[in-house]
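There are 2 protein chains.
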Amino acid sequence: MVTIKDVARAAGVSTATISRVVHNGGNVGDECRARVKKIIEEMGYRPNSNAQALVNRSSKTIGIVTPKLSMSFFGSLASGVEKAAREINYKLLMTNSLYEKETEQAAIDSLREHNCKSIIIHSDYSDEKTLAKLAKEIPGLVVINRFLPSLANRCVWLDNVSGGQQIGQYLLEKGHKEFAVVTSVYKNRDPDLRVQGLLKALEDEGITIPSSLIAQSTSNMEGGALAARALIESGKKFTAVVAYNDLMAVGLMNELQDQGIRVPEDVSVVGFDNLDIANACRPRLTTMCYPIEEMAAYATELSIELAQENKKLAQKTHLFMPTLIERNSVRDLTQK
Amino acid sequence: MVTIKDVARAAGVSTATISRVVHNGGNVGDECRARVKKIIEEMGYRPNSNAQALVNRSSKTIGIVTPKLSMSFFGSLASGVEKAAREINYKLLMTNSLYEKETEQAAIDSLREHNCKSIIIHSDYSDEKTLAKLAKEIPGLVVINRFLPSLANRCVWLDNVSGGQQIGQYLLEKGHKEFAVVTSVYKNRDPDLRVQGLLKALEDEGITIPSSLIAQSTSNMEGGALAARALIESGKKFTAVVAYNDLMAVGLMNELQDQGIRVPEDVSVVGFDNLDIANACRPRLTTMCYPIEEMAAYATELSIELAQENKKLAQKTHLFMPTLIERNSVRDLTQK
DNA sequence: ATGAAAGCGCTAACAC
DNA sequence: GTGTTAGCGCTTTCAT
Numbered sequence: 001m002v003t004i005k006d007v008a009r010a011a012g013v014s015t016a017t018i019s020r021v022v023h024n025g026g027n028v029g030d031e032c033r034a035r036v037k038k039i040i041e042e043m044g045y046r047p048n049s050n051a052q053a054l055v056n057r058s059s060k061t062i063g064i065v066t067p068k069l070s071m072s073f074f075g076s077l078a079s080g081v082e083k084a085a086r087e088i089n090y091k092l093l094m095t096n097s098l099y100e101k102e103t104e105q106a107a108i109d110s111l112r113e114h115n116c117k118s119i120i121i122h123s124d125y126s127d128e129k130t131l132a133k134l135a136k137e138i139p140g141l142v143v144i145n146r147f148l149p150s151l152a153n154r155c156v157w158l159d160n161v162s163g164g165q166q167i168g169q170y171l172l173e174k175g176h177k178e179f180a181v182v183t184s185v186y187k188n189r190d191p192d193l194r195v196q197g198l199l200k201a202l203e204d205e206g207i208t209i210p211s212s213l214i215a216q217s218t219s220n221m222e223g224g225a226l227a228a229r230a231l232i233e234s235g236k237k238f239t240a241v242v243a244y245n246d247l248m249a250v251g252l253m254n255e256l257q258d259q260g261i262r263v264p265e266d267v268s269v270v271g272f273d274n275l276d277i278a279n280a281c282r283p284r285l286t287t288m289c290y291p292i293e294e295m296a297a298y299a300t301e302l303s304i305e306l307a308q309e310n311k312k313l314a315q316k317t318h319l320f321m322p323t324l325i326e327r328n329s330v331r332d333l334t335q336k
Numbered sequence: 001m002v003t004i005k006d007v008a009r010a011a012g013v014s015t016a017t018i019s020r021v022v023h024n025g026g027n028v029g030d031e032c033r034a035r036v037k038k039i040i041e042e043m044g045y046r047p048n049s050n051a052q053a054l055v056n057r058s059s060k061t062i063g064i065v066t067p068k069l070s071m072s073f074f075g076s077l078a079s080g081v082e083k084a085a086r087e088i089n090y091k092l093l094m095t096n097s098l099y100e101k102e103t104e105q106a107a108i109d110s111l112r113e114h115n116c117k118s119i120i121i122h123s124d125y126s127d128e129k130t131l132a133k134l135a136k137e138i139p140g141l142v143v144i145n146r147f148l149p150s151l152a153n154r155c156v157w158l159d160n161v162s163g164g165q166q167i168g169q170y171l172l173e174k175g176h177k178e179f180a181v182v183t184s185v186y187k188n189r190d191p192d193l194r195v196q197g198l199l200k201a202l203e204d205e206g207i208t209i210p211s212s213l214i215a216q217s218t219s220n221m222e223g224g225a226l227a228a229r230a231l232i233e234s235g236k237k238f239t240a241v242v243a244y245n246d247l248m249a250v251g252l253m254n255e256l257q258d259q260g261i262r263v264p265e266d267v268s269v270v271g272f273d274n275l276d277i278a279n280a281c282r283p284r285l286t287t288m289c290y291p292i293e294e295m296a297a298y299a300t301e302l303s304i305e306l307a308q309e310n311k312k313l314a315q316k317t318h319l320f321m322p323t324l325i326e327r328n329s330v331r332d333l334t335q336k
């Protein structure tokens, strides 16, 4: 391993000078700078980032804590962070929290040991107090996918209520009047918010959803299939069902179709997230786009800014809007 | 931030002693050890891993280089690594190579700057020479998903030929005699190997595939759809098509069905990878399981062992077998 | 059993 | 414009 001393010796200058040219600092003669640069190149010198982090009390890494990287949604999140991080030459430190409170805490701790001053967390467990305390110690902490009033300027989140509302309005426009909902037992608040938005939209038209047509299940394909059965068994009629997310929507659609119910001819389905899967299933799924990759990239930039103690951002909030992606899983009832 | 000195002062002992108890080293009195432990706990002391990495010349991180984290396959890979890494208290440093040679190199370099002695790389570009040179400098380098003879003991790979062969045999058993192939222009060698295996299996039965029924395209859903059209336009008959991977297979199936060709009634389709998508599409896709998460976890353990200069492993190779997952996209022609 | 001290590779005052 | 030097937080000989 070639160190700064080796380079200094080879160039016949001090380590301070090497450090200066590495960082494009001033106070180095043109001739000297050129010579050092050449030698660095020749020797293949690369600063040891651990030493840098030690002396700077901050490492050029951005930490990310998500429940499970193998899930498409979180993979996209990580990719968004990585993209933004690479552009400013930061590295990505990753940990899965596995939907467990202790693991989530351990993940954060380990990031801190690494002098990681920027952390993007998709927190499902830690309560507001814990996160608020953390934010005091980690200037670059950013919470993605959740809004905490006391941490308003470090939350990058999605308007789930609007998402639900948009779906409701869209379905109404298409002439639907009998709705069902497939929601999740997921412990964060997104499911409730989305349903809330939906109900709000329907309410304006005086439409309600009977409780037997609100099925709750796990937020994956199996959950969707289970919910489909529950809906069918209720015996109640519905022309459209709104699912918590794409995974549930696809499980639901498939189960419906397996039971001889056509989508969208007999029943329309709408999802949420716009995962790849929404394009792979048949019919293609009409869904709300959750721009997670962009949000993650944005969160990364925000995190870096925050980490440099830039107080200007104190008041700014960071709310993203989901948008409807129209595909083929919804039938237009206004034209027979 | 509480440092080792703070703890030492609070405990009235030297930093050496603290270090000893932190690492459960010997030569510390029982009473003293207990007291220090308590103080560490109280003060919430956590060793600075950058300082540790600096003095140890090695950091407890494992680096991973993959093309694109947002792709399901690589997300699973990363998850496998993370899982194994967390168990031994290692952190994950991630970089995307974006299918570009320079980025791949930059990614490796950046990992080295971090004193990362264990690196798992899904390399699509670097040639064998480059990687061999790298392996000399990075003891824990492991190549996943590719076999390089000169690096045999650090390659964790899949028997793609066997995979293709298994598919061929299975289809043969099901009475298929007219085959088509949808392969990829992907620049690594997997596609060729899989086709090779398939052809080998067919050859034993004296069956060949006309070149007009070997469609080549990009390895995603659109590529699969494109290939489907090419196959149909060839005018040749085929009862089964073998796709390079699940993405292509699903694109292909959907396109076939959109064109009024039923799967599996008219045409059978087989994929490769066993992504989530294979379970989401209709019919559910019969495919080869690529146990990437397990392989990644295995690769991680291997990498750590290698990094501790354990020469014992010099001769061992690490080949995994894909296994057939039977679902509903293949028709049994032997029973009308 | 415990401590003193050197040094890992680097940066940033400060001196010249 | 360039060099000297004092650490950053930690580990590890070597004394005691």
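Going line by line, the protein sequences match chains A and B. Heads up, the first sequence stops at 336 in full-length UniProt numbering, and the numbers go up one at a time, no gaps. Heads up, the second sequence stops at 336 in full-length UniProt numbering, and the numbers go up one at a time, no gaps. Ideal placement from N, C-alpha and C gives every residue a C-beta, glycine not left out.
Query	Result
Residues of the region 243-256 of chain B whose Cβ lies closer than 7 Å to any Cβ of chain A, in chain order	VAL250 and ASN254
Test: GLU113 (chain A) CB closer than 9 Å to a CB of chain B	yes
Minimum Cβ-Cβ distance from LEU199 (chain B) to chain A less than 9 Å	no
Element boundaries [beta strand (DSSP E), containing SER303 (chain A)]	Note, SER303 (chain A): premise wrong, no beta strand (DSSP E); alpha helix (DSSP H) at 292-307.
Helix, strand or coil at LYS76 (chain B) according to DSSP, with G and I counted as helix	The amino acid at residue 76 (chain B) is misidentified as Lys; the sequence shows Ser. In the structure shown, SER76 (chain B) sits in a helix (DSSP, three-state: H, G or I).
Exposure label - ARG146 (chain A); buried when at least 16 CB within 10 Å	buried
THR323 (chain A), DSSP secondary structure in three states	strand
For ASN274 (chain A), the three-state DSSP class (helix, strand or coil)	coil
Rounded straight-line distance, which links the Cα of ILE138 (chain A) to that of THR17 (chain B)	29 Å
Opening and closing residue of the beta strand (DSSP E) in which LYS91 (chain B) lies	91-96
For THR61 (chain A), the residue or residues it bridges with in DSSP	A:LYS91
The region 55-70 of chain A / the region 237-251 of chain A touching (three or more Cβ pairs under 8 Å)	no
Near-chain A residues of the region 277-289 of chain B - C-beta to any C-beta below 8 Å	ILE277, ASN279, ALA280, CYS281 and ARG282
Local Cβ density within 10 Å of PRO322 (chain A), reported as buried at 16 or more and exposed below that	buried
Contacts that SER110 (chain B) makes with chain A (C-beta to C-beta distance below 7 Å)	LYS91
Residues bridged to PHE147 (chain B) (per DSSP)	None, per the DSSP bridge assignment.
Under 8 Å from the C-beta of LEU231 (chain B): neighbouring residues of chain A	Chain A residues near LEU231 (chain B): none, gap ~19 Å exceeds 8 Å.
Cβ-based neighbour list, MET295 (chain B), same chain, cut-off 6 Å, excluding 5 preceding and 5 following	VAL156 and PHE320
Endpoints, alpha helix (DSSP H) assigned at residue 342 (chain A)	What is shown of chain A runs 1 to 336, which leaves residue 342 (chain A) out entirely.
Supposed contact pair LYS177 (chain A) and ILE207 (chain A) - C-beta distance, whole angstroms, cut 8 Å	6 Å
Contact list for PRO47 (chain A) against chain B, beta-carbon separation under 8 Å	GLU113
TYR99 (chain B) and THR61 (chain B) closer than 9 Å at C-beta	no
Limits of the alpha helix (DSSP H) - the one that LYS236 (chain A) falls within	LYS236 (chain A) -> no alpha helix (DSSP H), and no H or E assigned at all.
Inter-stretch contact at 8 Å, needing at least 3 Cβ pairs: the region 244-263 of chain B / the region 283-293 of chain B	yes
Residue environment, VAL2 (chain A), which counts as buried when at least 16 other CB atoms sit within 10 Å	exposed
Residues of its chain near THR103 (chain A), where Cβ-Cβ distance is below 6 Å and the 5 sequence neighbours each way are ignored	SER97
Validate contact between the region 219-234 of chain A and the region 192-199 of chain A using beta carbons, cut 8 Å, 3 pairs	no
Separation of VAL21 (chain A) from ALA53 (chain B), as counted between CA atoms	25 Å
CA-to-CA distance, SER110 (chain A) to ALA51 (chain A), given in whole angstroms	18 Å
Closest residue to CYS116 (chain A) among A:CYS289, A:ARG33, A:SER58 and A:GLN259 (Cα-Cα distance)	A:SER58
When B:LYS38, B:THR15, B:ARG327 and B:GLN196 are compared against GLY163 (chain B), the one with the closest alpha-carbon	B:GLN196
Per-residue DSSP class, three states only, for LYS177 (chain A)	coil
Proximity test, Cβ basis, 9 Å: residue 341 (chain A) and chain B	Because residue 341 (chain A) is not part of the residues shown, which for chain A are 1 to 336, the question remains open.
Contact belief for ILE120 (chain B) with VAL81 (chain B) at Cβ below 8 Å, rounded distance in angstroms	6 Å
Cβ of MET71 (chain B) within 9 Å of any chain A Cβ	yes
Bounding residues of the beta strand (DSSP E) (the contiguous stretch that carries ILE138 (chain B))	From DSSP, ILE138 (chain B) is part of no beta strand (DSSP E); its letter is neither H nor E.
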